[in-house]
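Chains as they are written, first to last, in our numbering: chain C, 1 to 307; chain X, 1001 to 1115.
Written out as structure tokens, the structure reads:
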């Protein structure tokens, strides 16, 4: 499971990071009219295994240690680099996502790619597989550290803040009929609870209840609020709106009873299960409503078993 | 079974190339009612549906499902797929109907959840 997550994270990072972030900017280059024997000193002194061949600022080829060894074997040390280099090498753009580079390494099996600017095609760096790994490890370390700090701070909130009673309230404003953002408040809230160090099983239950309450506000009202109150012994979800109200609460609580119009049902909502779901995944639920005035739903989950 | 094996064996089209297919599938659930999925699907399930609205991503993410198989040749809009990639929820497409794909998943050994 942990392995799966880190794999995912790395994939995510390869989309987030650019070639520019991983490349080495200080590139050693050679010119096409230099002789092969010039490479000998460079390779010995600077310890590199291949180099872009640059003419007037543009990359025209790539010369590698393998090319050099071949020339050495055949006694062709005075030949010009341009005769032995790989011409028009595959290059990467500095602004490409790193995932493109990963794919190109797989596709071509080369050891390195020159990195150029998209505009002007000027050489700006070079990228090896090792550079990608270094960059990913560094980024992972930084992010891991940041998340640790976030989680540490959040999960100690109830211990660090001394009061007779501590209560953390998170409030989310819900826009009516905004189906594109439906579920967003529940997602945010789930992340927040996770950071607070709440048990995953409880976070899951709260997330279901919050999602259903959020959807109800979106489907049936012009908007409202979803808030969650966390204290050391329980989490309380409150969903309130000022609109149209529920005529018969007992009926609304019946499984499959729904007043949702067809177009809402076509999106998969309005199955008449929302309130039942909330009831089933929380320890207490209370619904108060007045037609024309609004509805307030309150649901409680106890953190240490029901008290 | 890993999701990527299912993708290969059932010839599913992965509509979210950036999402992670290297995850274990705990079972399957088929439904077009979001609240039903919220109530009855389990973590790691592959979800068979014909819904293509953005909210399927929210549901799959909240329930930590392994992925969504969209049936009947339907395809979610690009913004939905982008959201799916952002949440790392694989969305897979098939021209088959829900009944047929569920049957083939069962043949591969993917079962429904038992109480």
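Heads up, the beta-carbon is just placed ideally off N, CA and C, and yes, glycines get one too.
Note that the structure is predicted; figures quoted are calculated from it, not measured.
Residue range of the beta strand (DSSP E) that residue i falls in?
i: residue 298/C; result: 294-302
i: residue 216/C; result: Unbroken run through residue 216/C is the alpha helix (DSSP H), 200-220; no beta strand (DSSP E).
Report the option in the options whose CA atom is closest to the CA atom of residue i.
i: residue 267/C; options: 246/C, 40/C, 178/C, 298/C; result: 178/C
i: residue 161/C; options: 45/C, 231/C, 236/C, 18/C; result: 231/C
i: residue 1098/X; options: 1082/X, 1010/X, 1065/X, 1002/X; result: 1010/X
i: residue 59/C; options: 87/C, 188/C, 277/C; result: 87/C
i: residue 109/C; options: 96/C, 207/C, 152/C, 89/C; result: 89/C
i: residue 80/C; options: 33/C, 217/C, 169/C, 106/C; result: 33/C
i: residue 1001/X; options: 1012/X, 1013/X, 1018/X, 1023/X; result: 1023/X
i: residue 167/C; options: 175/C, 174/C, 173/C, 158/C; result: 158/C
i: residue 78/C; options: 300/C, 39/C, 205/C; result: 39/C
i: residue 225/C; options: 200/C, 164/C, 276/C, 297/C; result: 297/C
i: residue 1057/X; options: 1092/X, 1026/X, 1072/X, 1025/X; result: 1092/X
i: residue 1003/X; options: 1100/X, 1072/X, 1108/X; result: 1108/X
i: residue 175/C; options: 146/C, 243/C, 71/C, 135/C; result: 243/C
i: residue 1065/X; options: 1032/X, 1081/X, 1028/X; result: 1028/X
i: residue 1102/X; options: 1054/X, 1048/X, 1063/X, 1053/X; result: 1048/X
i: residue 239/C; options: 31/C, 260/C, 269/C, 275/C; result: 275/C
i: residue 1070/X; options: 1081/X, 1063/X, 1106/X; result: 1081/X
The alpha helix (DSSP H) spanning residue i covers which residue range?
i: residue 107/C; result: 98-108
i: residue 240/C; result: Per DSSP, residue 240/C belongs to no alpha helix (DSSP H); it is in the beta strand (DSSP E), 234-241.
i: residue 1038/X; result: 1034-1040
i: residue 1091/X; result: Note, residue 1091/X: premise wrong, no alpha helix (DSSP H); beta strand (DSSP E) at 1091-1093.
i: residue 132/C; result: 129-155
i: residue 305/C; result: Per DSSP, residue 305/C belongs to no alpha helix (DSSP H) and is neither H nor E.
i: residue 968/X; result: Given that chain X is displayed from residue 1001 to residue 1115, the structure contains no residue 968/X and the question cannot be resolved.
i: residue 1107/X; result: 1098-1107
i: residue 19/C; result: 19-22
i: residue 195/C; result: 184-195
i: residue 252/C; result: 249-252
Exposed or buried, what is residue i when buried is set at 16 or more other beta-carbons lying within 10 Å of its beta-carbon?
i: residue 309/C; result: Residue 309/C is absent from the model: chain C starts at 1 and stops at 307.
i: residue 5/C; result: For residue 5/C, the predicted structure reports a pLDDT of 43, less than 50, and the residue's modelled location is therefore unreliable. The matter cannot be settled from this model.
i: residue 1076/X; result: buried
i: residue 1090/X; result: buried
i: residue 262/C; result: exposed
i: residue 144/C; result: exposed
i: residue 1088/X; result: buried
i: residue 216/C; result: buried
i: residue 114/C; result: buried
i: residue 95/C; result: exposed
i: residue 249/C; result: exposed
i: residue 52/C; result: buried
i: residue 169/C; result: exposed
i: residue 133/C; result: exposed
i: residue 1051/X; result: buried
i: residue 291/C; result: exposed
i: residue 130/C; result: exposed
i: residue 98/C; result: buried
i: residue 150/C; result: exposed
Check the DSSP bridge columns for residue i and list the partner residues they point to.
i: residue 1047/X; result: 1029/X, 1068/X
i: residue 87/C; result: 61/C
i: residue 175/C; result: 223/C
i: residue 1002/X; result: 1024/X
i: residue 285/C; result: 299/C
i: residue 82/C; result: Beta-bridge pairing links residue 82/C to no other residue.
i: residue 50/C; result: 64/C
i: residue 290/C; result: 294/C
i: residue 1112/X; result: 1028/X
So, helix, strand or coil for residue i, using DSSP?
i: residue 35/C; result: strand
i: residue 4/C; result: With a pLDDT of 44 at residue 4/C, under the threshold of 50, the predicted position of this residue should be treated as unreliable, though the coordinate-derived value follows. Three-state result, residue 4/C: helix.
i: residue 1017/X; result: coil
i: residue 113/C; result: strand
i: residue 118/C; result: coil
i: residue 55/C; result: strand
i: residue 95/C; result: coil
i: residue 167/C; result: coil
i: residue 1087/X; result: coil
i: residue 265/C; result: helix
i: residue 123/C; result: strand
i: residue 229/C; result: strand
i: residue 275/C; result: helix
i: residue 72/C; result: helix
i: residue 27/C; result: coil
i: residue 1010/X; result: coil
i: residue 180/C; result: helix
i: residue 1077/X; result: coil
i: residue 42/C; result: helix
i: residue 1082/X; result: helix
Is residue i near the ligand PLP, with its Cβ less than 6 angstroms from a heavy atom?
i: residue 71/C; result: This structure lacks the ligand PLP; in fact it carries no ligand of any kind.
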